[in-house]
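Structure first, then comments.
2 protein chains.
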Amino acid sequence: MVSMNPRLLGWLRAYRRDDLAGDVGAGIVVAMMMIPQGMAYALVAGLPPVAGLYASIVPPLLYALFGTSSSQSVGPMAIISLMTASALAPLASPGSALYGMLAAQLALVSGAVLLACGLLRVGYLANFFSRPVMSGFTLGSAVVISLGQVRTLLGGALPHVHGPSAALGVGSIALLLFARRWLAPLLRRLGMPCGAADVAARLAPMVLVLGGIALVASLRLDRMGVQVIGAVPSGLPGLRLATSAAHWQELLKPSLLIGFMSFLIAMSGAQTLALKRAEKLHTNRELVGLGLANVGSALSGGFPVTGSLSRSAVNFAAGARTQLAGVITAGLLAGALVLPTGWLALLPLPVLAATIIVAVLGLLDWSTLRTAWHYDRADALALLATSGGVLLLGVEAGVVLGLLLSLGTMIWRESRPHIAVLGRIPHTEHFRNIDRYSAETDPNVLLLRVDAGLFFGNIEAVSERIEEELAAHRAARHLVLVLSAVNAIDSSALFGLLELNRALARRDVRLHLAEVKGPVLDRLRASTLLSELSGRLFLSTANAWNALARHDT
Amino acid sequence: MVSMNPRLLGWLRAYRRDDLAGDVGAGIVVAMMMIPQGMAYALVAGLPPVAGLYASIVPPLLYALFGTSSSQSVGPMAIISLMTASALAPLASPGSALYGMLAAQLALVSGAVLLACGLLRVGYLANFFSRPVMSGFTLGSAVVISLGQVRTLLGGALPHVHGPSAALGVGSIALLLFARRWLAPLLRRLGMPCGAADVAARLAPMVLVLGGIALVASLRLDRMGVQVIGAVPSGLPGLRLATSAAHWQELLKPSLLIGFMSFLIAMSGAQTLALKRAEKLHTNRELVGLGLANVGSALSGGFPVTGSLSRSAVNFAAGARTQLAGVITAGLLAGALVLPTGWLALLPLPVLAATIIVAVLGLLDWSTLRTAWHYDRADALALLATSGGVLLLGVEAGVVLGLLLSLGTMIWRESRPHIAVLGRIPHTEHFRNIDRYSAETDPNVLLLRVDAGLFFGNIEAVSERIEEELAAHRAARHLVLVLSAVNAIDSSALFGLLELNRALARRDVRLHLAEVKGPVLDRLRASTLLSELSGRLFLSTANAWNALARHDT
Chain A
73 MVSMNPRLLG WLRAYRRDDL AGDVGAGIVV AMMMIPQGMA YALVAGLPPV AGLYASIVPP
133 LLYALFGTSS SQSVGPMAII SLMTASALAP LASPGSALYG MLAAQLALVS GAVLLACGLL
193 RVGYLANFFS RPVMSGFTLG SAVVISLGQV RTLLGGALPH VHGPSAALGV GSIALLLFAR
253 RWLAPLLRRL GMPCGAADVA ARLAPMVLVL GGIALVASLR LDRMGVQVIG AVPSGLPGLR
313 LATSAAHWQE LLKPSLLIGF MSFLIAMSGA QTLALKRAEK LHTNRELVGL GLANVGSALS
373 GGFPVTGSLS RSAVNFAAGA RTQLAGVITA GLLAGALVLP TGWLALLPLP VLAATIIVAV
433 LGLLDWSTLR TAWHYDRADA LALLATSGGV LLLGVEAGVV LGLLLSLGTM IWRESRPHIA
493 VLGRIPHTEH FRNIDRYSAE TDPNVLLLRV DAGLFFGNIE AVSERIEEEL AAHRAARHLV
553 LVLSAVNAID SSALFGLLEL NRALARRDVR LHLAEVKGPV LDRLRASTLL SELSGRLFLS
613 TANAWNALAR HDT
Chain B
73 MVSMNPRLLG WLRAYRRDDL AGDVGAGIVV AMMMIPQGMA YALVAGLPPV AGLYASIVPP
133 LLYALFGTSS SQSVGPMAII SLMTASALAP LASPGSALYG MLAAQLALVS GAVLLACGLL
193 RVGYLANFFS RPVMSGFTLG SAVVISLGQV RTLLGGALPH VHGPSAALGV GSIALLLFAR
253 RWLAPLLRRL GMPCGAADVA ARLAPMVLVL GGIALVASLR LDRMGVQVIG AVPSGLPGLR
313 LATSAAHWQE LLKPSLLIGF MSFLIAMSGA QTLALKRAEK LHTNRELVGL GLANVGSALS
373 GGFPVTGSLS RSAVNFAAGA RTQLAGVITA GLLAGALVLP TGWLALLPLP VLAATIIVAV
433 LGLLDWSTLR TAWHYDRADA LALLATSGGV LLLGVEAGVV LGLLLSLGTM IWRESRPHIA
493 VLGRIPHTEH FRNIDRYSAE TDPNVLLLRV DAGLFFGNIE AVSERIEEEL AAHRAARHLV
553 LVLSAVNAID SSALFGLLEL NRALARRDVR LHLAEVKGPV LDRLRASTLL SELSGRLFLS
613 TANAWNALAR HDT
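So the sequences go chain by chain: A and B.
For the first sequence, the numbering used here assigns the number 73 to the initial residue and increments by one for each residue that follows.
For the second sequence, the numbering used here assigns the number 73 to the initial residue and increments by one for each residue that follows.
What follows is the structure, encoded as structure tokens:
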């Protein structure tokens, strides 16, 4: 296992010359992906395309310094851009100076939240979304993003389509889909090595952008009404953050949601790649890296960023061995902005819209739906409900819905634990489920084994089941809970047991505990349960049986 | 166990004459509590006091017809009134006709939500709040409610206190506290039976209200500036609901939160009492009963209602045996409104404020905090954070925070499952944790036993731990996961195992499964894991050992 050095810049201290070629190659390839993606996702966020280039320089640099994944590519990402647009829509109009400042503020607050979470070491928050819910969230977001680009793609709202724009847009989609499906196999057949062909095919959007610019310039399509991005200010961005105090509070909630989702998105991508290389991610360091990347984006004219799985996978495939690849990407983007940027002005918007639509279609993951449908219908329904929630209620409500569905399906599963009535296998000290074994029971004693940790989500169900069993065993004056499979008892469950003990005592039934695990027992000693218990604490079920059963068998 | 008849009106069909005396007595006592409480909680909700009387007639009647708890007293309740006031504050000004209509609409939508949940049988939602979080929510709400009454209690905002009002208010608090602490013991010493003394002491607020009215009438305190409730319209309420379409959408979210909390509050009270009598609640029927009670409240000039633990406990203690007690309470309240209500006009508001403050102080439950603090610090912190959230962010944010903290503490506990490296006890077929037993291992094979169900909340932690163990056992070419303690694998965990299998295969490590439980195996057969597995499926750990170990021991 290539355990990453957890120290700051560990990868640089331990840098090996052998890794240089891979890092440089990957850095260049990712930069070529980043230029069209950055501009496209800035459009999704409702910002001028150049903001996407700004957000592609400082964030990957800071992530390289503080993050722990060797292949993570941090920068603009479609879903986070959609969330940015959704958060800012009620506060300012896209294109205004205020809108740009608020976008930066959103990145600043999201970054601060991520940073705080990292320093507080609450990285386990990454475990709050189930995989199907994440997939449903992505599905819904991808549809919303695609629909949002249709007008730009066609040069007007349906049915008023602008012919040249639509031709350019739809043609671009066709070319990009062709590249995705057929270009890599074609290059391979032409003799290119497998990995190189796959990576080269990912450069299609950049090639298309250059082709689009050339086409507009040669045919003067802009004079025919095809929208272009217009003048891109050359040079590096300065400090663009303005404090508009009135908006801080309104940005807090969306910042929390954006911070949360950018962490989930970055981690799910990084973990998949880390597994392939047996690399260890430090979750809390990832939070810090991602948080600083967002703060850096805010301070350099950008907007919220995260790790992009599509770019990270290319980074990985193109041979990135360390975070140096990210540094090189950042350097190239900065270089592109220092050079004259006049050539970018003629980039046609329908081409960018096409790259957005094809990119988000690539996020769709039908295999998760298919697998979940066959394996666990509840998870499949949670997936569909989450995507429906994003479509109908919006992306922010979708996050909350996803969270509730993830946790809800889990609580639902945990809320009915398996409980077995035990009996003794005759002439032994073994006790087994009487439904499965022919075991002897005693009318005076009811032995129940609970096969799950006790917590607030199941203690009521356990109490109800106990009442049912007591009703079915009316003669029993002793209830023995066999806790051999109980790994934990939370305080809600402790209160439940205290109440059960008192209620049973009033009805002349004694409550006993048996086979309590060491760590659980240690905790219980800090409560009053053991001293209040109407019955006794037994080391083993056999001890309880010998003490309580009538021994007439 | 007195299993309640799950059929509609089962209690009536099976009514026994013996229960009549208890039901009548309890119905009268609860009506005497309901009159001051109803008016007081209407004030908390920002409504005229008579609305509280309206909300005390139809709701208990409908609950009696459809609910399943024999002692539940449904009607106005402090926390739900606070949530009502909080929901309506941005939409209308208290006292206006619109405010009253919106309060009824809120009850209608909450009721419809509860009804829908009952018909959809999602009663397990009651398990979403941990006990400490519920306690923290109550604590925060009680403080907010008390602070909201200080101005009414003192007849003005501090430091501008109105002498006579303040004297009346503070004196009432003193009397109520005295009654709560000393009245029951005093009555007992005077020879009253224990139970009767406790119940009689709960009538102190009604006695105080009557005394307050007499005092105002005799000293004409109202002419000295003590605020009184004024004319109370006699007669029963008609249909008061007005549809103001524009507000429906704004009421949806608060209605969901109010419906959710009224269910949690009603269930936690009813469950405690049901346990004492071995009575079985039907959670989904409870949802229906509570939902219809709210719909009925809406249609009769009321506002959101729920079960009140303080009244239900008195109902129980006063001898209520069936839902007839609730019917009698409703009848008495209706009777009180049909009779002339002029005498109520002089009821001084400071006295009502005093009853509110003393009632919500009675909701405080320090023992939960104390117990949780010693037993489970994380739960105690969740309690404090929830109450702080209600105080600082408001009652609605408090519900969401409570939900996230309940589920968050649980995920956090589940996110680090116990995993043991197993070895063979020499010359046996038993395999045990090598940290605890001197067991033999084989460099070629790594045996790991996971002691928890696998789900989205822990699969990443499990994968990480597996990587760590593989790094520590570099020679191992076979990883055997012993799943004897795994009760379930959700689809997120399935994807995790699929990825682990592929990643290990690439690194030339085979993944095997052993001791997979029957139900888990059945589910896995619906996935591709078993066919994709690089290794094999073993019935027992011993089989895996015999097949994979080098047998040089």
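From the three backbone atoms N, C-alpha and C, an ideal C-beta is built for every residue, glycine too.
Since we're looking at a predicted model, the values are computed, not measured.
Query                                                                                                                  : Result
Any chain A beta carbon closer than 8 Å to residue 384/B                                                               : no
For residue 505/A, three-class secondary structure by DSSP                                                             : strand
Paired residues, beta bridge with residue 610/B - DSSP                                                                 : 586/B
Residue 430/B in three-state terms, based on DSSP                                                                      : helix
Neighbour list for residue 90/A in chain B, Cβ cutoff strictly below 7 Å                                               : Under the 7 Å cutoff, chain B gives no residues; its nearest Cβ is about 19 Å from residue 90/A.
Any C-beta of chain B under 8 Å from that of residue 483/A                                                             : yes
6 Å CB neighbourhood of residue 207/B in its chain, flanking five on each side removed                                 : 437, 440 and 455
Closer than 8 Å to chain A by CB, residue 76/B                                                                         : Caution applies to residue 76/B, whose pLDDT of 42 falls short of 50 and renders its modelled position unreliable; the value that the coordinates give is listed next. Taking Cβ atoms only, chain A never reaches closer than 8 Å to residue 76/B, which makes this a no.
From 358/B, 270/B and 303/B, residue whose alpha carbon lies closest to that of residue 123/B                          : 303/B
Between the CA atoms of residue 348/A and residue 593/A - distance to the nearest angstrom                             : 41 Å
Spatially closest choice to residue 381/A from 473/A, 346/A and 478/A, by CA coordinates                               : 346/A
Other residues of its chain near residue 309/A: CB distance less than 6 Å, five sequence neighbours each side excluded : 126, 372 and 373
Cβ of residue 73/A within 8 Å of any chain B Cβ                                                                        : At residue 73/A, the pLDDT of 35 sits below 50, so the modelled position is not reliable and the matter cannot be decided from this model.
Neighbouring residues, chain A, relative to residue 446/B (Cβ below 8 Å)                                               : 598 and 599
Residue 111/A versus 174/A, 283/A and 375/A, residue with shortest Cα-Cα distance                                      : 375/A
Cα-Cα separation between residue 635/B and residue 318/B, rounded to whole angstroms                                   : Since the first residue shown for chain B is 73 and the last is 625, residue 635/B is missing from the structure and cannot be characterised.
Coarse secondary structure for residue 409/B, derived from DSSP in three states                                        : helix
DSSP three-state assignment for residue 344/A, whether helix, strand or coil                                           : helix
Beta-carbon separation (whole angstroms), residue 252/B vs residue 272/B, contact threshold 8 Å                        : Going by Cβ atoms, the distance from residue 252/B to residue 272/B rounds to 12 Å, so no, they are not a contact pair.
Cross-chain neighbours of residue 343/B in chain A, by beta carbon under 7 Å                                           : 532
Limits of the beta strand (DSSP E) - the one that residue 393/B falls within                                           : Taken as a continuous stretch (DSSP letters only), residue 393/B belongs to no beta strand (DSSP E), as it is neither H nor E.
Given 8 Å, three or more beta-carbon pairs between the region 607-619 of chain B and the region 552-563 of chain B     : yes
Residues from the region 218-242 of chain B in contact with chain A, defined by Cβ distance under 9 Å                  : none
Chain-ordered chain B contacts of residue 358/A [CB-CB under 9 Å]                                                      : Here the premise fails: no neighbours, minimum Cβ distance about 12 Å.
Within-8 Å CB hit, residue 515/A to chain B                                                                            : no
Close beta carbons around residue 481/A, own chain, < 6 Å, minus the five adjacent residues each side                  : 450 and 454
Exposure of residue 625/B, with buried meaning 16 or more beta-carbon neighbours within 10 Å                           : For residue 625/B, the predicted model reports a pLDDT of 47, less than 50, meaning its position is unreliable; a value from the coordinates is still stated below. The residue is exposed, with fewer than 16 neighbouring Cβ atoms inside 10 Å.
Alpha helix (DSSP H) segment containing residue 566/A, residue limits                                                  : 563-578
Within-8 Å CB hit, residue 529/B to chain A                                                                            : yes
C-alpha distance - residue 91/B paired with residue 408/B, whole-angstrom precision                                    : 25 Å
Outcome for residue 256/A when other beta-carbon atoms lying within 10 angstroms are tallied against a minimum of 16   : buried
Residue interval of the beta strand (DSSP E) (run including residue 308/A)                                             : Residue 308/A -> no beta strand (DSSP E), and no H or E assigned at all.
C-beta neighbour in chain A for residue 252/B, strict 8 Å                                                              : no
Residues near residue 182/A in its chain [Cβ-Cβ closer than 6 Å; skip 5 each side]                                     : 327, 330, 331, 366 and 376
Pick from 204/B, 176/B and 236/B that is closest to residue 117/B, judged by C-alpha positions                         : 176/B
Neighbouring residues, chain A, relative to residue 18/B (Cβ below 7 Å)                                                : Because residue 18/B is not part of the residues shown, which for chain B are 73 to 625, the question remains open.
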